[in-house]
Structure formats: C-alpha cells, structure tokens
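J.: Dropping the structure in here first, questions after.
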Amino acid sequence: MTVPIAILLDGVLYAAVLFLLAAGLTLVYGVMRILNIAHGSLYALGAYTGTALVLAYLSTGGPEPLMYLALLAGAVLAGSIVGPLVERLLLRPIYAREEVVQLLVTFSLFLILEDVMKLVWGVQPYYVAKPYAYLGTVTIAGVRYAWYQLLLIAVALATGVLVVAAIRGTRIGRMIIAVTADREISTTLGINVARLFTLAFTAGAILAALGGALVAPLIAVAPGISVEAIVLAFAVVVIGGLGSLEGAALGALIVGVTRAAAVYLLPEAELATVYLIMVAVLLFRPRGLFGELEMRRI
Amino acid sequence: MIRSATVRVRGVSLVAAMALAIAAGADRAAAQSKPAELKVGVVSFLSGAAAVFGVPSKNAAEWLIDKYNKEGGIGGVRIRPIYIDEAGGAEKQVSEFRRLVLDEKVDLVIGYISSADCLAVAPVAEELRVLTVLFDCGTNRIFEDNKYRYVFRTKAHQALDSVAAAKYVLSIKPDVKTIAGINQDYAWGRDSWDTFRRAMQKLKPDVQVTAELWPKLLAGEYSAEISRLLTAKPDVIHSSFWNGDIVGFVKQGAPRGLFSQSLVVLSAGEHMLQDVGKDMPEGVIVGARGDHWFLHNATDPLHKEFVDGYRARYGRYPIYPSYHMYQAVAGVKAAFEKAIKDGGGAWPKVDAVIKAFEGIEYRVPPGRTMTVRSDHNGIEPAIMGITKQVPQYPFAILDRIRVFPQAEVNPPLGVKTNDWIDSWKK
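If you read the protein sequences in the order shown, they are chains A and B. First residue of the first sequence: 68, per the numbering used here; consecutive thereafter. First residue of the second sequence: 3, per the numbering used here; consecutive thereafter.
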C-alpha cells in the first residue's frame, strides 16, 4: 500500500517548503508586530540572487557541490543587505503609527521591489535546475523522489530548531522576548530596542531570502512568485497563529499533508484545501492554533 | 461679455470649419478627413506572471508598427501605439479600456491575453462602438456564445491546441490505453483538458482516464502531483501548463523519471523551450498554439524578416504570443487598406473597416494566409512536434513536425467545439 506513504511523504515535502516560506514572516510579526507584506518580495529576491550566484559560480567551472554554498550565500547576502536598509529607512519611522499605515508601507515596498526585480532580471524566467537534479533520486515505496526534496526537509527542520534555540537560549534571544513583552520597560532596563528590531527584521529577511533560494531550483524564478509566496505564507502563519514558530511548523504540516491527500483522493478540491483549512481553524480558534490572547497593556 | 465673446469665437470657428468642409468637398471629401495618425491602444501583460507572454507580444507590436511606419503607415497614416499593462484583473481592464477610448481617444484597441479580460472587454467595445482586435486569448466562448459587431479575434481558439494534441498523440502512439491530465485549475486548464479528453475518447473510445489533477495556477511545487502520476503510470500525460509552471513541472518531473515513463504532451509548450534550454527532456510532444515556430517554413521571406528582425532587436526568437500580435497588427492594416480600396481611396469609417475585416485574408508569418471568418474569429493551422536537443541551438527544437491544416483543427463556421468533436466519425 503505497498511497498513504506517498501522501505522508509528499505532504511533509511540501510542508518543508511552506515552513521555509513562513518562518521569517511569523518571526517578524512575533517580535515587531508588523505584518510584512514585502516578505514575498524578499523571498523572490533570495530566489533571484541565489539563482544568479549559482549560475555565476557554475560558469566559473568550479567543483559542482560548492554550488549549494553559492545558493545559500545569495540568500544571506540579499537578506542582510536589504533587511537593515528597509528597517532603518521605511519601518523605523512608522512603528508608532497604526497598523494600516504599516500594512500600506510594506505593501508599497512589495510593489517597488517587484518592479526593481523586473528591471534587474527581466520578465523571462530565470532558471537553474542543477542543484535539484545533481543529488540524484531515491525510490521510496515505489516512487522516485529527488534527494534534494529530502534535503529540504532537513534544512527546514534545522532552520526551525536553530531559530527557536537562538530565541530561547541566547542572551539576545531573551532580550527579544523581553522587548516583545514590553517595549518601554525593556528600554528602561537598558536594552537597545532599535538595534534589536534591526536585528530581528534582518533575521526575518534572511529567512525569507533563504526560503526563496532553496525553493528556486524547483521552480521558475519569474515575476509573480512573490505574490504566490506571500499568500501561502500568510495562510500558513494564520493557521498556526501569528507570531508562533511552532504554529507555523504545525500549520505547514497540516496544509502539506492535506494538499497531498487531496491530490491522491480528491484532485478537484486541491485548489481549495489551504483556504478550507484556514477557515476551519479560524472558526474554532480565531487566533490560530498557537495564537495567544493578547493582554491589554494599559 | 465673456459669454458672447465665446459664442462669437465659436461662431467664427464654425464658419471656418464649414468653409473648410466646403473646400474639402470640392477637393475630395475623404482625403481631407484622413487623420494625422492612427491611435492604437495595445494591451498585454507587462507585469506579473503573464509578462512572459505580454512582453514578447508587445515587442512584436513595436517591431511591426515601426516597420509599417517606415513603409508609410496605413494608407499614408502613421500608427501611434499606446501600450497598456493588462495586469490587474478584468474590472481594471474594463476601466482602462474606457479610458483609452474616452480620454486617449484611440481609434482602435488591440489586446488581451487573458480570456477573462477578453470576455469582459468585448461587451464594452460593443457599447462604445470601438473596433477591438483580440490577439491572444483562447476561450471558444467569446464568439460561440455571443455575437459582436466591433470585436474580432485574429487567431484560432483553444480547440485547435487540444484537438491537434489528440491527433498527434494518436499518430505517435496509436496503441495508447490510458491518459492522465495535469492542468491549472481555471478556465484555460479546464477547457483544454475537456477538449483533449473528448477528442481522444472520440478518436479511440477505449482510452481510459487514470488521473485528472488540478493544481493551482502558479503553484510552482508539484511533488505530490508527480508522485501521483508516477504511481498511476498513464501512457500519456496531457498538460496545457504555461509560463513558469511548465518550467517547474519539467524541472521537478524530469529527474524523477516522469518524462521517460509516460509520453507527455505540453499543448502550449513552445513558448518555454528557450527558457528550459538543455534541461528539456527529449521526446516530449509540444504544441505551438497555431503554426508559430521560428524554424517552420524558415526560408519564407516574410517569416525570415520577422524572425531575424525580432532576434536582432530583442535577443531571442519570437514565441507564439509574438506571432499572435503580428497577426493582429497585420490584420488591422489589411482591413483598413481593403476598406480604403473599397471606398475608392477615402479614409474609411469604422463600419467600412468592419465590413472589410469580415472574411479577410492576408499574409502572415510563417508565410501563409491568415483567415478571419465572418463570425469574426480567425482560423489557423497547427503544428505539433517532439522535442529534440541539437548542437545548433542552446535549447530543444521540434522534431517530427506535423502540420494540421485549418479544417482539421478548427470547427466549421457556426459549429460549436463540442458539437463538432461529437460529430466526428469513428
């Protein structure tokens, strides 16, 4: 009986992609209470820079396994350059403003970055397939899978564990928790809130770009991927509970496995699965699976 | 004071205009009313995922309009294009259309890749009485379910791709027993699969459908779908995917052996060959949504001029949306010129252009006659081929090409697609 195994495996594979998409979004919201619509653009930017670096690297004729380093370097570079710039120039002036303004600013940033990427890379799909095909395939329950897909599961797991460990187990992480709980008291305790915000946003940007770079070998990097990314990431994060990494992981798993089940058992419904889950979860837990009631702060 | 002054000015200009008109009448009424330029709204996707079609079609418009203008325009009148982005949805396109007509005062509009936009704009074109030439959208519903006076489409509808795909599959693999489909879950994917399946089962009634998959448009990740197709092991897999979705499907499916296990048909695959490059597996059936393939009939002077000119200017070979745009711009020129001729040299009114457009025949790349029938819809031949990697090109080209003449892949005039397929013998 291969179908249940295939559903589970395909579900987890897709969940890994979804988690990589959503982790940065939920982190930034958890720390800064900003819903970053431009998260999708940072994802696309990572996909473009990762692909560009891999292509540039491969054209030098260096040893092929090192292309994975080029892929990661592209993402880290994109995130760590654009992240601090955006936080300093665009977000810092609007922290005190109402959420609508923040949404509008990140949405405009989304539109701007979309056009910038079109100016730089054009409209034709940007293309590199080698990182996906290079590792070869493995047959599980009679179905061939690419090793790269399994690698993505490992990377997604590692990312999740690392981010949680960094927040719970390091000094900076504990300061971030303090700032999240109360910005003003944290300031009086001598925590440099502004610097922490830059750090948190940059981490979110790098995570977004990393997601893009890692998914890039599977897809066509072309205009439009940022929209798809932000819509999916948003759905996953809402299901899991805004701001919760565990929630994002669980949300990704639920969406991934349900979609895979739909492909096997009820393909007609595939399109609707993500949103049906979202509706079902929000009906019973309006703050998502791991969302917490926010106490009034006055 | 001011008011009477205005009246006086108006009166003076009225007299002047009348005098001019009389003078013109003495000369040649029509020659005088020839406009300084022909303003054409050109609408295609310049942003978003469909820009891979939109930009190559805009390029073709740019190239061809420049060429016509260098040659003297249409009947001595220069064409002035106004390019508009099709992104934003049907409602936005309806307001853009109104703006083009009412504010920009365009003489006609050429445009629309999305079937939803075509269906939304057509009734507005009718209401505003503006000649509108649909250049790329594929839905058969537009002229099968409605009648429009001001709207034309200078290409065939989607039945062509699906019917040609079915016929080609049967010629390559006559013993096909099982088919499966993976198509984007919206009108284009649904209609394409429906027509392909209908045609296959009509031509070979014992063909079984083993899977019908409906991923979201631009889903990008197809692991589960590919696993399902690998377990279902159909003889033939049909996909009308377009854009990056083809790239993703090929990238993820090829290493997992999908393309060697089943015969895959990409009914609109031609426009992605240059992007997938050397990673495109061999032996995949690819359609070109017409006979739009730069190596088909390559020595024809009209085709060669287009391919060489386009490549020199944009660095790539034209793809089918570029050819579709060519057919639209050339169709407008042909209709205006025919109307001018029929009117004894006078600049034609829109009614005369419409009359000329119905049933018009004109030359287009790859060096054949384009026919727009009296139902305002174009018919085209189709080509299908199988991918093959060759050293001369950095991407797969089409091998074992078969050309399907117009009558084989377009329903007869006035017959709906499904009725036509159901009426086939055998």
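Using N, Cα and C, we set each Cβ at its ideal position, and we do this for glycine too.
(1) Put residue 29/B into one of helix, strand or coil per three-state DSSP.
(2) Going by Cα to Cα distance, which pick from 213/A, 79/A, 234/A, 264/A is closest to residue 161/A?
(3) Measure from the alpha carbon of residue 346/B to the alpha carbon of each residue in 69/B, 77/B, 45/B, 37/B, then state which is nearest.
(4) Can you look up residue 283/B in the DSSP assignment and give me helix, strand or coil?
(5) Within the 8 Å Cβ cut-off, does residue 196/B reach chain A?
(6) What's the C-alpha gap between residue 2/B and residue 207/B?
(7) Would DSSP call residue 74/A helix, strand or coil?
(8) By the 10 Å Cβ neighbour count, where 16 or more other Cβ atoms means buried, how is residue 363/B classified, buried or exposed?
(9) For the segment 145-155 of chain B against the segment 401-410 of chain B, do three or more pairs of beta-carbon atoms, one drawn from each stretch, fall closer than 8 Å, so that the two count as touching?
(10) Residues of chain A with CB under 9 Å from residue 333/B, in chain order?
(11) Taking contact to mean at least 3 C-beta pairs separated by less than 8 Å, is the segment 321-339 of chain A in contact with the segment 201-219 of chain B?
(12) Kindly indicate the opening and closing residues of the alpha helix (DSSP H) around residue 390/B.
(13) Taking just the CA atoms, how far does residue 210/B sit from residue 133/A?
(14) Check this for me: beta carbons of residue 145/A and residue 107/A, under 8 Å apart or not?
(15) Under the assumption that residue 256/B contacts residue 281/B (Cβ atoms under 8 Å), give the Cβ distance between them as a whole number of angstroms.
(16) Please determine, among 181/A, 208/A, 325/A, 174/A, the residue with the shortest C-alpha to C-alpha distance to residue 69/A.
(17) Just curious, the alpha helix (DSSP H) that residue 141/B is in, first and last residue?
(18) So, for residue 30/B: in the same chain, excluding its five sequence neighbours on each side, which residues have a beta-carbon less than 6 Å away from its beta-carbon?
(19) Do you know how far the Cα of residue 74/B is from the Cα of residue 170/B?
(20) Taking the continuous beta strand (DSSP E) assigned at residue 410/B, which residues delimit it?
(21) Can you find a CB in chain B that lies within less than 8 Å of the CB of residue 292/A?
(22) With a threshold of 8 Å between beta carbons, is residue 169/A in contact with chain B?
(23) Closer than 8 Å by C-beta to residue 319/B: which residues in its own chain qualify, once you throw out the five before and the five after it? Chain order, please.
(24) Out of 222/B, 284/B, 278/B, state which residue places its alpha-carbon closest to the alpha-carbon of residue 400/B.
(25) Please list the partners that residue 337/A has in chain B, where partner means a Cβ-to-Cβ separation under 9 Å.
(26) Would you mind listing the alpha helix (DSSP H) stretches within the segment 27-93 of chain B that are 4+ residues and don't spill past its ends, in chain order?
(27) Whose C-alpha, out of 143/B, 361/B, 205/B, is nearest the C-alpha of residue 189/B?
(28) Should residue 50/B be labelled buried (16 or more other beta-carbon atoms within 10 Å of its own) or exposed?
(29) Distance check for residue 271/B and residue 248/B, CA to CA, integer angstroms please.
(30) Which residues in chain C have a C-beta closer than 7 Å to the C-beta of residue 80/A? List them in chain order.
(31) Identify the continuous beta strand (DSSP E) that holds residue 210/B and give its terminal residues.
(32) Return the CA-CA distance between residue 391/B and residue 260/A, expressed in angstroms with no decimal places.
(33) Are any of the Cβ atoms in chain B nearer than 8 Å to that of residue 305/A?
(34) Considering residue 212/A, what are the terminal residues of the beta strand (DSSP E) in which it resides?
(35) Starting from the Cα of residue 116/B, find the closest Cα among 99/B, 104/B, 138/B and give me that residue.
(36) So, at 6 Å on beta carbons, what are the nonlocal neighbours of residue 74/A in its own chain, with the 5 sequence-adjacent residues on each side left out?
T.: In short:
(1) Any reading at residue 29/B is ruled out, since the residue's pLDDT is 43, under 50, leaving its predicted position unreliable.
(2) 264/A
(3) 77/B
(4) coil
(5) no
(6) Nothing about residue 2/B can be reported from this structure: the residues present for chain B run from 3 to 428 only.
(7) Residue 74/A falls in the helix class under three-state DSSP.
(8) exposed
(9) Put simply, the segment 145-155 of chain B does not touch the segment 401-410 of chain B. Fewer than three CB pairs are less than 8 Å apart.
(10) The contacting residues do not exist; residue 333/B stays about 25 Å from chain A at best.
(11) yes
(12) Looking at the DSSP string, residue 390/B is not in any alpha helix (DSSP H); the run it does join, the beta strand (DSSP E), is 384-390.
(13) Those two C-alpha atoms are separated by around 46 Å.
(14) Taking the C-beta atoms as reference points, residue 107/A is found no nearer than 8 Å to residue 145/A.
(15) 7 Å
(16) 208/A
(17) First-last for residue 141/B: undefined, no H or E at that position.
(18) Annotation note: pLDDT 43 at residue 30/B (below 50); position unreliable, no value reported.
(19) 43 Å
(20) Not the beta strand (DSSP E): residue 410/B falls in the alpha helix (DSSP H), residues 408-411.
(21) Taking Cβ atoms only, chain B reaches closer than 8 Å to residue 292/A, which makes this a yes.
(22) no
(23) Hits under 8 Å: 276, 296, 309, 312, 313.
(24) 284/B
(25) 187, 215, 216, 217, 218, 221, 226, 227
(26) 31-34, 53-72
(27) 143/B
(28) Classification of residue 50/B: buried, given that the 10 Å Cβ count is 16 or more.
(29) 7 Å
(30) Protein chains in the displayed structure are A and B, and chain C is not among them.
(31) 210-215
(32) 58 Å
(33) no
(34) 210-213
(35) Check the Cα spacing between residue 116/B and each of 99/B, 104/B, 138/B: the tightest is with 138/B.
(36) 327, 328, 331
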